[in-house]
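Sequential numbering from 1 applies to the sequence shown in my numbering. Using N, Cα and C, we set each Cβ at its ideal position, and we do this for glycine too. Note sheet for the following structure.
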Amino acid sequence: MHQPHAEPRRSIYYRYQVFQPWLPSAHSAPEQVPVVVVGSGPVGLTTALALAQQGVQCVVLESELQVSEGSRAIVFTRRSMEILQQVGVADRVSANGLPWRFGNSFYRGQRVFRMEGPHDADDRFFPMINLQQQYLEEYLVDACVAHPLIDFRWGNRVTALSQGVDHATLEVDTPDGTYRLQAGWVVAADGARSGIRSMMGLKLEGASYEGRFVIADIRVDLPLPTERLAFFDPEWNPGNTVLMHREPHGIWRVDYQLPADETPEQALAPESLKARIDAQLAMIGHPGVPWEMDWCSVYSARALTLPDYVQGRVLFTGDAAHMLPIFGVRGANTGFQDAQALAWRLALVVKGVAPEALLHTYSQERVGAAREIIDEAGKSTRFMTPPTRGFRLLRDAVLSLSLTEPFVGPLYHWRTSRPHEYTHSALNSLGDDNALFKCGPGRGAPPQNVCLGPDDYLLDRLDHAFQLLYFTDAAEVPSALRQVVQDFRVRGVPLRVLAVGASAPVAGADDVLADARGQLRARYGVTARGAAYLLRPDQHVCARWMSLDAERLRAALSNALAPTAGQTTISNQGA
Ligand SMILES: Cc1cc2nc3c(=O)[nH]c(=O)nc-3n(C[C@H](O)[C@H](O)[C@H](O)COP(=O)(O)OP(=O)(O)OC[C@H]3O[C@@H](n4cnc5c(N)ncnc54)[C@H](O)[C@@H]3O)c2cc1C
1 MHQPHAEPRR
11 SIYYRYQVFQ
21 PWLPSAHSAP
31 EQVPVVVVGS
41 GPVGLTTALA
51 LAQQGVQCVV
61 LESELQVSEG
71 SRAIVFTRRS
81 MEILQQVGVA
91 DRVSANGLPW
101 RFGNSFYRGQ
111 RVFRMEGPHD
121 ADDRFFPMIN
131 LQQQYLEEYL
141 VDACVAHPLI
151 DFRWGNRVTA
161 LSQGVDHATL
171 EVDTPDGTYR
181 LQAGWVVAAD
191 GARSGIRSMM
201 GLKLEGASYE
211 GRFVIADIRV
221 DLPLPTERLA
231 FFDPEWNPGN
241 TVLMHREPHG
251 IWRVDYQLPA
261 DETPEQALAP
271 ESLKARIDAQ
281 LAMIGHPGVP
291 WEMDWCSVYS
301 ARALTLPDYV
311 QGRVLFTGDA
321 AHMLPIFGVR
331 GANTGFQDAQ
341 ALAWRLALVV
351 KGVAPEALLH
361 TYSQERVGAA
371 REIIDEAGKS
381 TRFMTPPTRG
391 FRLLRDAVLS
401 LSLTEPFVGP
411 LYHWRTSRPH
421 EYTHSALNSL
431 GDDNALFKCG
441 PGRGAPPQNV
451 CLGPDDYLLD
461 RLDHAFQLLY
471 FTDAAEVPSA
481 LRQVVQDFRV
491 RGVPLRVLAV
501 GASAPVAGAD
511 DVLADARGQL
521 RARYGVTARG
531 AAYLLRPDQH
541 VCARWMSLDA
551 ERLRAALSNA
561 LAPTAGQTTI
571 SNQGA
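Here it is in C-alpha cells:
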C-alpha cells in the first residue's frame, strides 16, 4: 500500500501544506475518463489547466501529498510567463517573483561580460523572473483544484499501465489500497525518473556530462540587485564555475562546480558546504556575513530525449520526455512549451474534431525542439564543465583573453532558454505569403507581444482558440471569410476573429483591436487592409497573408487540423 511522506517538508521560508490523500473508498468516481495526467509537477499541472480550459475533463494523479521539495527551477522566461498567463497564474508569479534582465560574467575577480536581455515597451513580462518552484506549483495547484473539470488526487501513485486499442488502463496505489482507472489518453508528466517510461521499456537518447554541481539555497542579506552572476575560475574553486541568483524571501541560489574526484556525499557534508559558501561570500565582498542553509542537492547535466513522445495512448511531456541541462534555465521552461503544444491538440482529438495524427505533430515539433536545445545546451555545458583536455584548453584560452580583449566577452554569453520556432512544422500553411513579410513573427514562430494601450497587450486579448488577426478598418469582415469561419466553428473548431485597426465594432469580428498608434501593424509588417495572421491555440503562427482570401483561409485551417502527408515529410526533415 502506498504510504506517501506525511510530514511537511523542511524549509526556512516556505510553509509546506500536506494535503489529504484521495481515497478510492471515499469516492464513487467514474472509472473511465477522457484524460489522466500522471504527475503534478509544473508541466503536468499546466497541461491539466490548458486541457480544462479547452473543455476537457481530466484526472490528475500525484503520488506525493505536497509540492516539490527544494526550490529546483527558479528562473522562468518571458515565454513561460506568457504561457502561464494563458493558464491564469502569471499575475501571482509577477506579484511574488523578482524580474531581471542583466547577467554578469567574472573571470578571476574581474567582470568580463555583461549580458542584457532584450526588453521594450511592447513586453508585458521581463526576460526572466525568479521564483522558487514550490510557489509556482502552489499557484498551479490552486488553479487546478478550483477548476470544475479537474479531479485532483493527492497520494495516488501509478504502479502499472497497460494499453488497449482506444484506451489505457492504470493501476493506482493509494494509502487505502489500489484501484483501476481507464483513460482515453494518459499524459505522462511523472518527471525525470518517469516510472511510466520504465514500465513501457522506453529509452532516452543522448548524453550525460561529467561535471557535478552543488545547488544550495541559503538565506543571506546581500545588498545586490537581481542579476545573474557567473564566476569562472574563482580563486577558491580553481578551474571551476560558480553561479548565483537572487530568489524571493531573502534566499540566494549558489551553484558551484565540484572537483572531478569529489563524491556527492563529501560535497554535501556540512563542513564542506560551510567552507565553500563562506569562501564565495568572501569573494564577492561579504566575508563573515551570516547565512543559513535552506536546501541543497548535487546536480549533473544530462541532455537526453525520447525519440517519440507519442506511444500509443500515452503522451510524454516535460522531464518524463526529456532531461535537459539546467544551465540556460531549460528544464521547466521547455516543459511549459510541451504542455502548451500538447493540450490544444489533445483537446481537439478527444472531442473528435481532429484526427489522432495531429498528436504526431506534437511529437515532431517538441522532439525537434528538445534536440535543438540539447545541441545548444551542450555548448553551454561544455563551456561550464569542459569534458576533455582539448575543451578545457580552448575554454581557458577564451577566459584568459577576455581579461584584455573586449571582443572575447560575448563568448561568455551562453544562450538561455528561448521558445522554439516551428519553422518546418507540418501545420504551417505553405500556400500563404510568409515570404512577402519584412518583419513580424514568421510561420511557426510564437507571437510578438505588442502594447495596445495602458496595461493592455496583444497577448492579453488572445484566448485558447485559433485566432485570426484580420487587419481592416472596414465595417465588416468579408462574407466569404465569415463563411469559412462559420464552417469550422460548426465542426467544433474554436476560432476567434480579431479585427485590427478599426475604430468601431466590425461585423464578423469577436473583438476589435483599435491599434490607434499603428504599432501592431508596424511590428507585424502589415502595410495594407486585408492582411491576416492565423495563430494556433498555442499562439504560434501557422499562416500569414498580405491579402487573405477564403480559399487560402480554408486550406490553412484544414492543414492545421489534419496536415497533409506531403507536409508531414517536410516537417520530419526539418526537425
Ligand atoms: C536540483 C534541481 C535543480 C533544478 N533547477 C532548475 C532551474 O534552475 N531551472 C529550470 O528550468 N529547471 C530546473 N530544474 C528542473 C526542473 O525542476 C524540472 O525541469 C521540472 O520540475 C520538470 O517538471 P515536470 O512537471 O516535468 O516534472 P517534475 O517536477 O519532476 O514532476 C513530476 C511529478 O510526478 C510525480 N510522480 C512521479 N511518479 C509518479 C507516479 N508513478 N504516479 C503519480 N505521480 C508520480 C512526482 O511526485 C512529481 O510531483 C532543476 C531540477 C533539479 C532536480
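In whole angstroms, what separates the C-alpha of residue i from that of residue j?
i	j	result
residue 181	residue 33	8 Å
residue 520	residue 255	41 Å
residue 438	residue 531	13 Å
residue 55	residue 220	45 Å
residue 483	residue 462	22 Å
residue 246	residue 278	17 Å
residue 242	residue 119	26 Å
residue 545	residue 79	25 Å
residue 272	residue 447	47 Å
residue 57	residue 560	23 Å
residue 361	residue 122	31 Å
residue 304	residue 471	43 Å
residue 504	residue 469	16 Å
residue 414	residue 372	Note that residue 414 has pLDDT 49, beneath the 50 cutoff, so the model's placement of it is unreliable and the number below is only indicative. Straight-line Cα distance between these residues: approximately 14 Å.
residue 452	residue 93	23 Å
residue 231	residue 390	21 Å
residue 349	residue 251	44 Å
residue 582	residue 227	No answer is possible for residue 582: the residues shown for the chain start at 1 and end at 575.
residue 325	residue 59	30 Å
residue 426	residue 244	41 Å
Beta carbon of residue i: closer than 8 Å to some heavy atom of ligand 1?
i	result
residue 43	yes
residue 156	yes
residue 578	This structure leaves residue 578 out entirely; the chain is present only between 1 and 575.
residue 61	yes
residue 79	no
residue 299	yes
residue 11	no
residue 40	yes
residue 335	yes
residue 208	no
residue 64	yes
residue 367	no
residue 75	yes
residue 294	no
residue 218	no
residue 194	yes
residue 178	no
residue 142	no
residue 319	yes
residue 190	yes
residue 374	no
residue 331	yes
residue 169	no
residue 228	no
Can residue i and residue j be called in contact, C-beta distance under 9 Å?
i	j	result
residue 354	residue 366	no
residue 155	residue 27	no
residue 477	residue 500	no
residue 164	residue 131	no
residue 556	residue 534	yes
residue 563	residue 357	yes
residue 124	residue 460	yes
residue 128	residue 75	yes
residue 20	residue 65	yes
residue 73	residue 42	yes
residue 235	residue 109	yes
residue 190	residue 44	yes
residue 543	residue 449	no
residue 133	residue 464	no
residue 179	residue 31	yes
residue 36	residue 149	no
If we count Cβ pairs, one from each stretch, closer than 8 Å, do we get three or more for the stretch 206-221 versus the stretch 79-91? no
Pair every Cβ in the stretch 198-205 with every Cβ in the stretch 34-49, then say whether three or more of these pairs are closer than 8 Å. no
Using 8 Å as the cut-off, can you tell me whether the stretch 266-280 makes contact with the stretch 327-344, which would need three or more C-beta pairs spanning the two stretches below that distance? no
With three or more C-beta pairs closer than 8 Å as the rule, is the stretch 473-490 touching the stretch 543-559? yes
So, do the stretch 280-287 and the stretch 181-193 have three or more beta carbon pairs nearer to each other than 8 Å? no
Spell out a yes or no on whether the stretch 11-20 and the stretch 289-308 are touching, meaning 3 or more CB-CB pairs, one atom from each, closer than 8 Å. yes
Between the stretch 508-522 and the stretch 386-397, do three or more beta carbon pairs fall short of 8 Å? no
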